[in-house]
Amino acid sequence: MDQAGVTYIDHKDTDLMRKFVSDRGKIRSRRVTWLSGRQRRQLGRVIKNAREMALLPYASR
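Residue 43 in numbering that gives the first Met the number 0 sits at position 44 of the sequence shown, and the numbers go up by one each step.
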């Protein structure tokens, strides 16, 4: 997560993950976050783990 100034993202750091998730609960696009493919896969895995643990919502309507 070099462009965002983050070297490691943890599933317990919800404040950081909310920067990468829209207000509707969707993971932001690559154009918005400036992350590479590897970083986006890692981010998606971490966000999905946080959602499973009920730290982040799946979607807000």
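Where a beta carbon is used, it is the ideal one built from N, C-alpha and C, also for glycine.
Distance between residue j and residue i (C-alpha atoms, nearest Å)
i, j, result
"A58", "L34", "22 Å"
"R37", "R23", "24 Å"
"R44", "F19", "13 Å"
"R39", "R29", "8 Å"
CB contact flag (residue i, residue j, <8 Å)
i, j, result
"L15", "I8", "yes"
"T13", "L55", "yes"
Residues near residue i by beta carbon distance below 8 Å, same chain, minus five either side
i, result
"M52", "H10"
7 Å CB neighbourhood of residue i in its chain, flanking five on each side removed
i, result
"A49", "H10, T13, M16 and L55"
Sequence-distant residues of the same chain with beta carbon closer than 6 Å to residue i, five excluded per side
i, result
"T32", "F19"
"K47", "none"
Residues sharing a beta bridge with residue i, DSSP
i, result
"V20", "I26"
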